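Below you'll find the structure, written out as structure tokens, and then a few comments.
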Amino acid sequence: MVSEKERELLRRVWNESLMKQLAHVRSRRFGLGYRYDTGEAIRKGNLVVEYPKGLLEFKSQKKPIPLSDVESALITWAAAGPNGLILADLGVSNNVATFIYATGRTIPGPDNDQGLDLIYVIDDGVYFYRPPQASKIYEIESEEDLGKIVNWHKNYSIKLANGRTDLAGTLPFAMVFNKNFNENGSTLLLPIYDASRVIVNILFHYFEYERVPIIDDNTGQLADQNGAMKRLVDKGILSSQIPMTMDLLDRAIGAVAGVVVGTSVQNVRLMSEAIGLGSWIFGGIYDYTMMGAFAPQFKGLEEAGAVVCQPPEKSKRIWPYKVGIKNVKMSFSIIEGCKDSPYKNGRELVEDFLNIKYGKYKEPNNLEYDGIWSPNRDPNLVAWKRDIYEMLRRDEKIKAKEDIKEAVISFIDYSVAKYGMFPRVDPIWIPMAVQVHHLDIDFYKKYYKEEVLTENILRHFEIWHLGAINNEIS
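At position 298 of the sequence shown the residue is numbered 642 (this note's numbering), and the sequence of numbers has no breaks.
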């Protein structure tokens, strides 16, 4: 249940102006309990973070105060929460069937892939946030619906590990300008993106709609293990004069991950500004180390279930391969010789992927639902009118074509046979992070002009915490 005080705070944010937040939003990096330029060296786990003496010396004299339930709920919902059903407003002839999920969220995703999920770290542990699928066009239609945001946070945050782990603001986790990374009292949000599902989906699109074969840059030949792609070429189905290459496909992955994660962290920034919290985005993190690639020397998220695989020799990679998070998020990938490889061959992978769209699918965290094109999906759980949706589901162009499916499988099996893995680059990315915290305004009053502190910041504890900031560090 949501308390009346929480409802009051939710209504306050609901009525905030977006233009006001866009005008005022700033990175605000100095929180309660933080320090700068003090000449200290602080041990954090197996690491030591150094704070050399400097001009902006400041040591907060206030206790760190974690975000409240309602603050946390607003932040996580802004980052990756559901907001209703997508319109999927493409025509049948330009591949309306490309959409993977029917649920819309506060962030976009290519083909609405929902490849992004949220890991967040607070004082008592590491959590995974993935709310359920949407139930209507707009989940939040009025102030009466705002309590859903708090309930989603409470009911769909899965605890993965105790404590903050050893993530610290120094190498090999973060660059020097992120010294206050993962401090007590803060909420560290790690949007974790799985690019593999959109890669598989785009292969279906390339072969059927763009009509392009895929060439191995290293050989100049079709990336085609069992000849299914060649059969499409012979039939004239794949006939483009400008083929896609494996290298171009690989390059697209990082760009897609950056766009989706970037939107998520910008939403967090804006929500933080509306609440009167501090936040800052940083890309100076090393997600290989964070995913446990160098455990046990450097403890990252391995206790939370992070999975990495050593690359096969023929891949010619040095770095491990990031696969997913056990029990909550695993990629559509294959790694030869790895016991934790999610799939063993292309057919197994593709059949499972198609269930997301056309059948009943259970996510690794046990959320189960009928796919957007499933014959069993409730017509109330899409944005189309009922009769239009019924006709769409029966249309032959909506269905996955058998010869196209075989070409996708052939490409995946080729990638594994030749390079030991699919995809050839990591499916799992944490390209940037965002940390949210309560600000120590004394730091800003000492060094900055008074107008840098907005009314939302100055009145935050009065409104949200009934003056809790008066507690001093003992």
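Where a beta carbon is used, it is the ideal one built from N, C-alpha and C, also for glycine. Just so you know, these numbers come straight off a predicted model, no measurement behind them.
If you draw a 10 Å sphere on the C-beta of E384, you find fewer than 16 other C-beta atoms in it, and that means exposed. For E806, the enclosing alpha helix (DSSP H) starts and ends at H804 to W808. Within the region 733 to 809, complete alpha helix (DSSP H) segments of at least 4 residues are found at 746 to 763, 785 to 791, 799 to 802 and 804 to 808, given in chain order. Comparing C-alpha distances from P426 to each of K388, I785 and Y482 shows the shortest one belongs to Y482. Residue P767 holds the alpha-carbon nearest to the alpha-carbon of I679 among P767, K741, D731 and I700. With 16 or more other Cβ atoms from the protein chains shown falling within 10 Å of its own Cβ, P475 counts as buried.
Between the alpha carbons of W717 and V542 lies a gap of roughly 17 Å. Taking all protein chains in view, the Cβ of V436 is surrounded by fewer than 16 other Cβ atoms within 10 Å, so the residue is classified as exposed.
Taking I700 as the centre and dropping the five residues before and after it, the same chain places the C-beta of I444 and G715 closer than 7 Å to its C-beta, in chain order. Short of 6 Å from the beta carbon of Q477, and not among the five residues preceding or following it, lie these beta carbons of its own chain, in chain order: T447 and Y713. The shortest C-alpha to C-alpha distance from V544 to any of G375, D696, E352 and R379 is the one to D696.
For A505, the uninterrupted beta strand (DSSP E) segment begins and ends at S501 to N506.
Taking 8 Å as the upper bound for CB-CB distance, F755 and M588 are not in contact here, some 10 Å apart.
Shown here, W624 sits in a strand according to DSSP, grouped into three states.
Residues Y763, G764 and M765 of the same chain have their beta carbon placed closer than 6 Å to that of S659, with the five preceding and five following residues left out of the count. Secondary structure at I559: strand, using DSSP grouped into helix, strand and coil. In this structure, DSSP gives P535 an extended state, which the three-state scheme calls strand.
Look at P723 here: in three-state DSSP terms it is helix.
Between N611 and G377, the C-beta gap is not smaller than 9 Å, which leaves the two residues out of contact.
In terms of Cβ geometry, R372 and S530 do not form a close pair [threshold 9 Å].
Contact check for L532 against A777 passes: the beta carbons are separated by less than 9 Å.
DSSP, read as helix, strand or coil, puts M588 in strand. Per the coordinates, the alpha-carbon of A424 lies some 41 Å from the alpha-carbon of R575. Beta-bridge analysis with DSSP links P426 to R449. The count of Cβ pairs closer than 8 Å, one atom from the region 457 to 474 and one from the region 638 to 650, reaches three, so the stretches are in contact.
Straight through space, the alpha carbons of N499 and L515 are spaced by roughly 35 Å. Per DSSP, the continuous alpha helix (DSSP H) segment holding V357 begins and ends at E348 to W358. Taking the Cα positions, F787 is about 11 Å away from K406. Under DSSP, A650 shares a beta bridge with I669. Per DSSP, F443 lies in no beta strand (DSSP E) segment and is marked neither H nor E. When DSSP states are grouped into helix, strand and coil, E707 belongs to the coil group. Ranked by how close their Cα comes to the Cα of Q565, the residues Y758, S623, G375 and S404 have Y758 in first place. T509 sits away from N524, with the two beta carbons spaced by 9 Å or more.
Taking C-beta separations shorter than 7 Å and ignoring five residues to either side along the sequence, the partners of P719 in its chain run R737, following chain order. The three-state reading of DSSP puts G459 in coil, since its state is none of H, G, I, E or B. Counting only residues of its own chain and dropping the five nearest sequence neighbours on each side, I430 has a CB closer than 8 Å to the CB of F443, Y445, A446, T447, G448, N456 and A727.
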